[in-house]
Every structure is written in C-alpha cells, then in structure tokens.
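Undergrad:
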Amino acid sequence: MWEWTQTLPGAAGRTVRWGFTAAVAAGAGSQGPYAGLNLGAHVGDDPAAVAANRALVARDLGLPVDRLLFMSQVHGADVVTVFGPHPVGDPPAADGMVCDRPGIALAVLVADCVPVLLADPAAGIVGVAHAGRPGLIAGVVPSTIAAMRAAGAQDIVAAVGPSICGRCYQVPAAMRAAGAAVTPVTATVSWTGTPALDVAAGVIAQLVDGGVRVGHWVGGCTRESGHLYSYRRQQQTGRFAGVVLMGAP
0 MWEWTQTLPG
10 AAGRTVRWGF
20 TAAVAAGAGS
30 QGPYAGLNLG
40 AHVGDDPAAV
50 AANRALVARD
60 LGLPVDRLLF
70 MSQVHGADVV
80 TVFGPHPVGD
90 PPAADGMVCD
100 RPGIALAVLV
110 ADCVPVLLAD
120 PAAGIVGVAH
130 AGRPGLIAGV
140 VPSTIAAMRA
150 AGAQDIVAAV
160 GPSICGRCYQ
170 VPAAMRAAGA
180 AVTPVTATVS
190 WTGTPALDVA
200 AGVIAQLVDG
210 GVRVGHWVGG
220 CTRESGHLYS
230 YRRQQQTGRF
240 AGVVLMGAP
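Letter by letter, the sequence shown follows residues 0 to 248 of numbering that gives the first Met the number 0.
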C-alpha cells in the first residue's frame, strides 16, 4: 500500500504519520487503466472502487473514511485551513491544506506532480501541497508554508514524494523559461536534449527558501516506475496520494 511511510513523535503524546501510497496494494479494487489503489475520484474510475480504495487507506491509518480529506485540485496556489471532515461530495477547490486538529488526515493526489507533506510535530500542525508546474510557478508551496506559520507552526519539516523527473518532463522552451524565472534550478534538459523542467528541484528550493527542513525526498520517477501512476506515461490512469496525519494521543 505504501511506497514510503514513517511515524514521527509529536506534541502531547501524539504522533505524526505520513507517507506516499503506491499503485499496488493487497485488496485494492480499481481495474483497467486505473488498476490498483487508485484514490482519484475525478479520473473516470468506478466510484465504488475509488471509495473502497480510500476506505482501505483510512483503515490502515486507523480512521473513519470521512476523516481522510482530499481537495479538488486546480493547479493553483489557494490553501485552506480545515477543522474537520468536508461535507460529503464537496472537497474544497484548493492545492494546499493545513490542519491543527488530531485525527484528521490530509491527502494530496498526484500522477507526476510533486506531492509535498509538511509537519511541525511540536506545534501539532500538518499540511499538504500539490505542486505541479503551474502550482510551482503560482507559489503553492510558499503559500502553504505561510498558512502553517499563521496557524502557529515554527519548526516545519517536509517530506517530498515521487514525481516525474527532469529528464522525462519535456516542455516547450517558453515553459522552461517561466519555471526558471521563479526557481532557476527547475531548468534542465530531457534525455533527448530538449527543454525540460525539474519541478521537484524547484519545490525543494522553495521549501529551503521558506525555512523548512527537508527531512525526506522519496526518489523515483513516476513516468519510469511501474508501481506508481503517471499521466505522462499513460494519460488515462489513476492517482496515488501523499498523506499526513496528526494522530490522537
């Protein structure tokens, strides 16, 4: 189920659990191009299969499924602060979430974009960000950091998940220039020497610039991996998730 997962000591006897799901999991219900643990409800998969997959993850976290919260991601920089379960069928249109309540898991869906998990275990505050090329340029990572600091976070640590690598993410020269104008380290070349973007490198740079310690960068290219979903590899596909939870004492 998990490509990578870890538990950190948190505030007042709580723990922070975070990780990135894989496409392969025992009991996963999606079939066809979504085969495995697809958690994306917006990609054309059978809604019952997605619901069962989400319940599988929630159960592994020890939570009711309504406490595993997703966003309606729009490739922007809006961040919402959440205090409890979303209304059924009405996730917020945002690309970042922040929460200071125990027992609420925040999830970010990806299939090439960079999933970013954030936590201040001592303050009891967690966050997620969905950083594709547009979100990187729009500033979703700095916006999520700012929302966490506004909630009282001070010592933030990040886990950055698997994404498409710079060698595989070919883009027009103008797109590479737009990314480099925000974070110069994103500019790179593909395996064939064409303009490309390393979005993960840009995310790392923005985290460091924001005073965040990068505790983990889970490597691997989604396009090249057989056990992660990739839109670039197969446009009709599922989504895996980055998840962070401040557990109850």
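For each residue, glycine too, the CB sits at the ideal point set by N, CA and C.
A quick note: this is a predicted structure, and the numbers were derived from the prediction, not measured.
What number of angstroms, rounded off, separates the C-alpha of F239 from the C-alpha of M147?
TA: The alpha-carbon atoms of F239 and M147 are separated by roughly 24 Å.
Undergrad: Identify whether A150 lies in helix, strand or coil by the three-state DSSP scheme.
TA: Of the three classes helix, strand and coil, the one that applies to A150 here is coil, per DSSP.
Undergrad: Would you say G165 and T187 are within 8 Å of each other, going by their C-beta atoms?
TA: Against a cut-off of 8 Å, the Cβ pair of T187 and G165 comes out as a contact.
Undergrad: Entirely within the stretch 84-124 and at least 4 residues each: give me those alpha helix (DSSP H) ranges in chain order.
TA: Qualifying alpha helix (DSSP H) stretches: none in this window.
Undergrad: Just the C-alpha distance for A247 and R13, rounded to the nearest angstrom, thanks.
TA: Straight-line Cα distance between these residues: approximately 6 Å.
Undergrad: Roughly how far, in whole angstroms, is the beta-carbon of A195 from the beta-carbon of Y230, given that I think they are within contact range, below 8 Å?
TA: That belief does not hold up - the Cβ atoms of A195 and Y230 are roughly 16 Å apart, past 8 Å.
Undergrad: State the DSSP-derived secondary structure class of T185, mapped to helix, strand or coil.
TA: Helix at T185.
Undergrad: How would you label V127, buried or exposed, when you count the other beta carbons within 10 angstroms and need 16 or more for buried?
TA: Buried, since its Cβ has 16 or more Cβ neighbours within 10 Å.
Undergrad: Indicate whether G253 and M0 have their beta-carbon atoms separated by less than 8 Å.
TA: As displayed, the chain neither begins before 0 nor continues past 248, which places residue 253 out of reach and without an answer.
Undergrad: Using the Cα positions of L135 and A10, report the straight-line distance between them to the nearest angstrom.
TA: Each residue's Cα considered, the two are about 30 Å apart.
Undergrad: Taking the straight line between their C-alpha atoms, what separation do you get for W190 and D197?
TA: Their backbone Cα atoms lie some 12 Å apart in a straight line.
Undergrad: For A130, which residues does DSSP report across the bridge?
TA: Bridge partners of A130: V113.
Undergrad: Hey, out of A76, H74, G138, T4, whose CA is closest to G209's CA?
TA: Of A76, H74, G138, T4, the residue nearest in Cα terms is G138.
Undergrad: Say whether the stretch 95-104 touches the stretch 208-224, bearing in mind that this needs 3 or more beta-carbon pairs closer than 8 Å, one atom from each stretch.
TA: No contact exists between the stretch 95-104 and the stretch 208-224.
Undergrad: Tell me whether Q72 is buried or exposed, calling it buried when 16 or more other Cβ atoms sit within 10 Å of its Cβ.
TA: With 16 or more Cβ atoms within 10 Å of its Cβ, Q72 is classed as buried.
Undergrad: Report the rounded CA-to-CA distance for V217 versus T236, giving the unit in angstroms.
TA: Answer to the nearest angstrom: the Cα atoms are 21 Å apart.
Undergrad: My understanding is that L68 touches H85, with C-beta atoms under 8 Å, so please give their C-beta distance in whole angstroms.
TA: Sure, about 6 Å apart at Cβ, within 8 Å.
Undergrad: Let's test the definition: count the other Cβ atoms within 10 Å of the Cβ of A110 and tell me whether it reaches 16, buried, or not, exposed.
TA: When all chains shown are included, A110 counts as buried.
Undergrad: May I have the straight-line CA-CA distance separating A157 from A204, to the nearest angstrom?
TA: Rounded to whole angstroms, A157 to A204 spans 12 Å at the Cα level.
Undergrad: Name the two residues that bound the continuous beta strand (DSSP E) containing R16.
TA: That run of the beta strand (DSSP E) goes 14-20.
Undergrad: With which residues is M245 paired in a DSSP beta bridge?
TA: Bridge partners of M245: V15, I103.
Undergrad: Would you tell me roughly how many angstroms separate the C-alpha atoms of V97 and A51, rounded to the nearest one?
TA: One C-alpha to the other measures close to 25 Å.
Undergrad: Helix, strand or coil, according to DSSP, for P8 in the structure here?
TA: Residue state, collapsed to three classes: strand.
Undergrad: Can you check whether the CB of V56 is closer than 8 Å to the CB of T4?
TA: No.
Undergrad: Run the CB neighbour count on P183, radius 10 Å, all protein chains shown included, and call it buried at 16 or more, exposed below.
TA: That one is exposed.
Undergrad: Can you list the alpha helix (DSSP H) stretches of 4 or more residues lying completely in the stretch 57-86, in chain order?
TA: For the stretch 57-86, not a single whole alpha helix (DSSP H) run of length 4 or above is found.
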